[in-house]
Amino acid sequence: KNQVEQSPQSLIILEGKNCTLQCNYTVSPFSNLRWYKQDTGRGPVSLTIMTFSENTKSNGRYTATLDADTKQSSLHITASQLSDSASYICVVTGGGSYIPTFGRGTSLIVHP
Amino acid sequence: DTGVSQDPRHKITKRGQNVTFRCDPISEHNRLYWYRQTLGQGPEFLTYFQNEAQLEKSRLLSDRFSAERPKGSFSTLEIQRTEQGDSAMYLCASSLGGARYNEQFFGPGTRLTVL
Chain A
1 KNQVEQSPQS
11 LIILEGKNCT
21 LQCNYTVSPF
31 SNLRWYKQDT
41 GRGPVSLTIM
51 TFSENTKSNG
61 RYTATLDADT
71 KQSSLHITAS
81 QLSDSASYIC
91 VVTGGGSYIP
101 TFGRGTSLIV
111 HP
Chain B
1 DTGVSQDPRH
11 KITKRGQNVT
21 FRCDPISEHN
31 RLYWYRQTLG
41 QGPEFLTYFQ
51 NEAQLEKSRL
61 LSDRFSAERP
71 KGSFSTLEIQ
81 RTEQGDSAMY
91 LCASSLGGAR
101 YNEQFFGPGT
111 RLTVL
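Taken in sequence, the protein lines are chains A and B.
Take 1 as the starting number for the first sequence in this note's numbering and just add one per residue.
Take 1 as the starting number for the second sequence in this note's numbering and just add one per residue.
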């Protein structure tokens, strides 16, 4: 069964600090992995997208890494801001389907 | 605004009533998806259209749920005889064809509350 597991479930950090969110998946064969940011009460917004040949991709203060061998990804947020408070969802497409598999998300709270 | 739009944004209804939600995808996107999301969970796939054809339905989509995309543009999701367990955020997403990236763009969602 295709699964995407994220950790930690929730995280509280101080403004300006860095943090790293983890994603492990079992989707096979792998097509692509995306990280989405979802503000409370809003739809998810794409941050990064990576295929199996890409092992890192940046979008401003967000840097995603991918290890297709171990089926792990991480999202690193640098110099966090209050506006980074949101849920971060890891999404993997593959397994011969157009339908992606979503993780439950990591809830990040950035305190001043 | 050329993004995905959903209407209404919020809906409160009494148990047993029918509700219908609308999604307008990005105009050149031929794929449209419906998801349901409850608090603290990731979106759960409900159904998927390529143009006007409904190609896949989740087991979550009970007989009380029906979705249409009659002209391959906007889509509607109807829930009949609503139950309290139907309370959730209903998200619509659209994407271009092509399996390699298949990036989905999400709408703001419709939050349903069943009393």
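Ideal Cβ positions, reconstructed from N, Cα and C, are used throughout, including at glycine.
Note that the structure is a prediction, hence the values are computed from the model and not measured.
Please name the residues in the stretch 24–55 of chain A whose beta-carbon is closer than 9 Å to at least one beta-carbon of chain B, in chain order. Within the stretch 24–55 of chain A, those residues whose Cβ lies closer than 9 Å to any Cβ of chain B are, in chain order, Ser-31, Asn-32, Arg-34, Tyr-36, Gln-38, Gly-41, Arg-42, Gly-43, Pro-44, Val-45, Ser-46, Ile-49 and Thr-51.
Sub-8 Å separation of A/Ser-74 and A/Leu-21 beta-carbons: Your numbering for residue 74 of chain A matches position 74 in the first sequence. Your numbering for residue 21 of chain A matches position 21 in the first sequence. Yes, the pair counts as a contact, with Cβ atoms nearer than the cut-off.
I'd like to know whether the C-beta of B/Tyr-90 is nearer than 8 Å to at least one C-beta of chain A. Here residue 90 of chain B corresponds to residue number 90 of the second sequence, with the count starting at 1. It does not: the Cβ of B/Tyr-90 has no partner Cβ on chain A nearer than 8 Å.
Taking 8 Å as the CB-CB limit, is A/Tyr-62 close to chain B? Here the question's residue 62 of chain A lines up with position 62 in the first sequence. Between A/Tyr-62 and chain B, the shortest Cβ-Cβ separation is not below 8 Å.
With distances taken Cα to Cα, identify the nearest neighbour of A/Leu-82 among A/Glu-15, A/Ser-97 and A/Thr-63. Position 82 of the first sequence, counting from 1, holds the residue named residue 82 of chain A. Closest option to A/Leu-82, Cα to Cα, is A/Glu-15.
Please identify, using Cβ separations under 7 Å, the residues of the stretch 79–94 of chain A that lie next to chain C, in order along the chain. Looking at the structure shown, chain C is missing, and the protein chains on hand are A and B.
Does DSSP classify B/Leu-61 as helix, strand or coil? The residue given as residue 61 of chain B occupies position 61 in the second sequence. Looking at B/Leu-61 - three-state DSSP - the assignment turns out to be coil, as it is neither helix nor strand.
So for A/Gly-94, helix, strand or coil by DSSP? Within the first sequence, numbered from 1, the residue matching residue 94 of chain A stands at position 94. Residue state, collapsed to three classes: strand.
Who are the Cβ neighbours of A/Ser-46 in its own chain at under 7 Å, not counting the five residues just before and after it? Within the first sequence, numbered from 1, the residue matching residue 46 of chain A stands at position 46. Cβ neighbours of A/Ser-46 beyond the five flanking positions: Arg-34 and Tyr-36.
Assigned secondary structure, B/Leu-115 (DSSP; H/G/I helix, E/B strand, else coil): Position 115 of the second sequence holds residue 115 of chain B. In the three-state reduction of the DSSP assignment, B/Leu-115 falls in the coil class.
B/Lys-11 lies in the beta strand (DSSP E); which residues open and close that run? Within the second sequence, residue 11 of chain B is the residue found at index 11, counting from 1. Unbroken beta strand (DSSP E) run through B/Lys-11: 10–13.
Which term fits A/Ser-10, buried or exposed, when burial requires 16 or more other beta carbons within 10 angstroms of its beta carbon? The count along the first sequence starts at 1 and reaches residue 10 of chain A at position 10. With fewer than 16 neighbouring CB atoms inside 10 Å of its own CB, A/Ser-10 falls in the exposed class.
If we ignore side chains and look at the alpha-carbon of each, how far apart do B/Tyr-33 and B/Ala-93 end up? Reading the second sequence from its first residue, position 33 is the one you call residue 33 of chain B. Reading the second sequence from its first residue, position 93 is the one you call residue 93 of chain B. Cα atoms of B/Tyr-33 and B/Ala-93: separation of roughly 5 Å, rounded to the nearest angstrom.
Less than 8 Å between the beta carbons of B/Gly-72 and B/Gln-6, yes or no? Taking the first residue of the second sequence as 1, we reach residue 72 of chain B at position 72. Taking the first residue of the second sequence as 1, we reach residue 6 of chain B at position 6. No.
Taking all protein chains shown into account, do 16 or more other C-beta atoms lie within 10 angstroms of the C-beta of A/Thr-84, making it buried, or fewer, making it exposed? On the first sequence, position 84 is the one that residue 84 of chain A refers to. The question names Thr, but residue 84 of chain A is Asp in the sequence shown. Classification for A/Asp-84: buried.
Does the stretch 25–42 of chain B come into contact with the stretch 95–108 of chain A, if we say contact requires no fewer than three beta-carbon pairs (one atom in each stretch) closer than 8 Å? Enough Cβ pairs lie closer than 8 Å, so yes.
If the cut is a Cβ gap below 8 Å, which residues of chain B does A/Ile-12 touch? The residue labelled residue 12 of chain A in the question sits at position 12 within the first sequence. Going along chain B, no residue has its Cβ under 8 Å from A/Ile-12, so there is no contact; the nearest lies around 16 Å.
Below 7 Å on C-beta distance, what does A/Ile-99 contact in chain B? On the first sequence, residue 99 of chain A is found 99 positions in, with the first residue counted as 1. Chain B residues near A/Ile-99: Phe-45, Tyr-48 and Glu-56.
Would you list the residues sitting across from B/Phe-21 in a DSSP beta bridge? In the second sequence, residue 21 of chain B corresponds to position 21, counting from 1. The beta-bridge partner set that DSSP reports for B/Phe-21 consists of B/Leu-77.
Pick out whichever of A/Lys-17, A/Asn-18, A/Thr-48 and A/Phe-30 has its Cα sitting closest to the Cα of A/Thr-70. Position 70 of the first sequence, counting from 1, holds the residue named residue 70 of chain A. Looking from the CA of A/Thr-70, the closest CA among A/Lys-17, A/Asn-18, A/Thr-48 and A/Phe-30 belongs to A/Phe-30.
Tell me which residues share the same chain as B/Gly-97 and place their Cβ nearer than 7 Å to its Cβ, disregarding the 5 neighbours each side in the sequence. Along the second sequence, read from residue 1 onward, the residue named residue 97 of chain B stands at position 97. Excluding sequence neighbours, B/Gly-97 sits near Asn-30 and Arg-31.
May I have the straight-line CA-CA distance separating B/Thr-13 from A/Arg-42, to the nearest angstrom? Numbered from 1 along the second sequence, position 13 holds the residue referred to as residue 13 of chain B. Numbered from 1 along the first sequence, position 42 holds the residue referred to as residue 42 of chain A. Computed Cα separation, rounded: 21 Å.
Selected residue, minimal CA-CA separation from B/Thr-113, among B/Gly-107, B/Phe-106, B/Gly-85 and B/Ser-95: As a working mapping, residue 113 of chain B is identified with position 113 in the second sequence. By alpha-carbon distance to B/Thr-113, the top candidate from B/Gly-107, B/Phe-106, B/Gly-85 and B/Ser-95 is B/Gly-85.
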